[in-house]
Amino acid sequence: MKDPLHWIREELDIIRDKNLFRVLTELQSGQSPEIVIEGKRYILLASNNYLGLTTDPKVKESAQKALEKYGAGSGGSRLVSGSSDLHRELEERIAAFKKTEAAILFSSGYLANIGTISALVGPGDLIYSDELNHASIIDGCRLSHAEIKIYKHCDVEHLSSLLSSDESRNKKLIVTDTVFSMDGDLAPLPEIIELAEEHECMLMIDEAHATGVLGKRGSGATEYFNVEDSVPIVMGTLSKAVGSLGGYVGGRRELIDFLRNRARTYIFDTSLPASSLAASLTAIDIIEFEPERRNHLWRLIEKFKSGLKNIGLEVLPSHSAVIPVLIGEAKPTLDFARALRENGVFTPAVRPPSVPQGKCRIRGTLMATHTEENIKLALRAFKLAYDSMLNL
Ligand SMILES: Cc1ncc(COP(=O)(O)O)c(C=O)c1O
């Protein structure tokens, strides 16, 4: 009998032939500026732990206390037995932080996006989605069975022309990352808001990489652009700068009530454990009231970007802690990442499907816990990797 799974081997061979096969790298340490892999130390330039809060003593202590009081798991979905006072407290804290009337927690940002989009729109409705939106937005759009119109990356004119050609539709939703996960650049939020209002279109934003990094209080792009009252559906994650785990949506109370009743990834999913909730509560306080971490991060970002440009590398125009160096095809990008690793820096090659073909890159990410010395050593590694690429 032919093995019914035989096609998997063939598929894997195709992936390997294209230099797109992915393997795991095991860290034997936490998400610190320096990590340990196979007993060797490397500077970590690939973490979304932008403010270093994952390993912050106050954050860890809160998580430990909550673990002791509530146990390891939540035991149920929110609407059955998995709703605690900590869940409510964190939802209220997120709403205050993001300046929305209310907020709802999901177990991850991915689940927040797919659950929310598929609850908001359905067959016969229309979604306008930036071409570089995160996979969880794309999957949410697909799951909704609404018609999807992709607009060119951050291209307000293209979005406007698409909106103008569809006046008669039922429900319409514009959805965009604010900081794009692989490019680190910023959506033109004020212009998008204007278009959404003009065309009576719902607007949903994903603040995953903006939260903690942008705005004086670190609340994200809505604060940065001073448009906190103008975005009706604000999604974000607790897994990046907040340093913990989970996703959320903020907005008017009726939106939140609706999602509690209609978002399937909320209804049918076990809720977050107390340790994660408590960690997030402490981390949000640190983000809001200890701006010096963010200020240090931004000093490092500017230093790192200008250092990379001085080396001669093509740095994409980012405005966040995500700093992508464009290489091109998969093979040279893998070689570049290997050379970085040989020179003491860990950051993997980013290849399709995470980025379009021919746009492979090294996605450097910085953390507020990095030191100036870390950045100096990292830049030296980039210079050596670049030299070895030119000498090939
Ligand atoms: C823009 C964006 N949205 C959503 C997510 C998903 O969030 P989470 O990792 O919390 O599931 C990510 C994660 O990489 C992301 O980059």
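Each residue of the sequence shown is one higher than the one before, starting from 16 at the first, in my numbering.
All C-beta atoms, glycine included, are put in the ideal place defined by N, C-alpha and C.
Computed from a prediction, not measured in an experiment: that's the story for all the values here.
Worksheet entry | For residue 171: DSSP bridge partner residues | None, per the DSSP bridge assignment.
Worksheet item: Just how far apart, CA to CA, sit residue 299 and residue 119?
Response: 16 Å
Worksheet item: When every heavy atom of ligand 1 is checked, does at least one fall within less than 7 Å of the C-beta of residue 65?
Response: no
Item to complete: State yes or no: is the C-beta of residue 221 nearer than 7 Å to some heavy atom of ligand 1?
Response: yes
Worksheet item: Distance, Cα to Cα, residue 363 vs residue 78?
Response: 30 Å
Worksheet item: Which residue spans inside the region 106-149 form an unbroken alpha helix (DSSP H) run of at least 4?
Response: 124-135
Worksheet entry | First and last residue of the uninterrupted beta strand (DSSP E) at residue 192 | 187-192
Item to complete: Decide yes or no for the touch test of the region 165-181 against the region 201-217: beta carbon pairs closer than 8 Å, at least 3 of them.
Response: yes
Practice prompt. Kindly list the residues whose CB is nearer than 7 Å to the CB of residue 242, restricted to its own chain and excluding five residues on each side of it in sequence; keep chain order.
Written response: 204, 205 and 208
Discussion item. Between the region 381-401 and the region 302-313, can you find at least three pairs of beta-carbon atoms closer than 8 Å?
Written reply: yes
Worksheet item: Does the Cβ of residue 124 lie closer than 7 Å to at least one heavy atom of ligand 1?
Response: yes
Discussion item. Using DSSP's beta-bridge definition, name the partner residues of residue 65.
Written reply: Answer by DSSP bridge pairing: none, since residue 65 is not bridged.
Practice prompt. Using 7 Å as the cut-off, classify the Cβ of residue 262 as near or not near the heavy atoms of ligand 1, replying yes or no.
Written response: yes
Worksheet item: How should residue 100 be labelled, buried or exposed, when 16 other C-beta atoms within 10 angstroms of its C-beta is the threshold for buried?
Response: exposed
Fill in: According to DSSP, residues forming a beta bridge with residue 376
341 and 365
Item to complete: May I ask whether a heavy atom of ligand 1 can be found less than 7 Å away from the beta carbon of residue 168?
Response: no
Worksheet item: When DSSP labels each residue in this structure, what does residue 176 get in the three-state scheme?
Response: helix
Fill in: DSSP three-state assignment for residue 89, whether helix, strand or coil
coil
Item to complete: Can you grab the Cα-Cα spacing for the pair residue 12 / residue 108, in whole Å?
Response: Residue 12 lies beyond the residue range present for the chain, which begins at 16 and ends at 407; the question has no answer from this structure.
Discussion item. For a test of your reading of the model: does the CB of residue 196 fall under 7 Å from any non-hydrogen atom of ligand 1? Yes or no.
Written reply: yes
Worksheet item: CB of residue 69 to nearest heavy atom of ligand 1: below 7 Å?
Response: no
Worksheet item: Can you tell me whether DSSP reads residue 56 as helix, strand or coil?
Response: strand
Worksheet item: Are the region 241-259 and the region 285-300 touching, with three or more C-beta to C-beta distances below 8 Å?
Response: yes
Worksheet item: With C-beta atoms as the reference, is residue 267 less than 8 Å away from residue 106?
Response: no
Worksheet item: What is the C-beta distance between residue 227 and residue 110, in whole angstroms, given that I count them as a contact (C-beta under 8 Å)?
Response: Contact flag wrong, Cβ pair sits at about 17 Å.
Discussion item. Within the continuous alpha helix (DSSP H) that includes residue 218, where are the two ends?
Written reply: Premise fails: residue 218 lies in the beta strand (DSSP E), 217-221, not in any alpha helix (DSSP H).
Fill in: residue 131 versus residue 276: straight-line alpha-carbon distance, rounded
11 Å
Worksheet item: For ligand 1, is there a heavy atom less than 7 Å away from the beta-carbon of residue 252?
Response: yes
Fill in: Where residue 305 falls: helix, strand or coil (DSSP)
coil
Worksheet item: Less than 8 Å separating the beta-carbons of residue 249 and residue 271?
Response: no
Fill in: Nearest neighbour of residue 63, chosen from 263, 48, 245 and 230 [CA to CA]
48
Fill in: Cβ-based burial, residue 21 [other Cβ within 10 Å; buried from 16]
exposed
Discussion item. Is the beta carbon of residue 303 closer than 8 Å to that of residue 233?
Written reply: yes
Discussion item. Tell me whether residue 173, by its Cβ, gets closer than 7 Å to a heavy atom of ligand 3.
Written reply: Annotation note on ligand 3: not contained in the displayed structure, which lists ligand 1 as its ligands.
Fill in: Distance cut-off 7 Å: residue 192 Cβ against heavy atoms of ligand 1
yes
Item to complete: Leaving aside the five residues before and after residue 196 along the sequence, list all residues of the same chain whose C-beta is less than 6 Å from its C-beta, in chain order.
Response: 149 and 224
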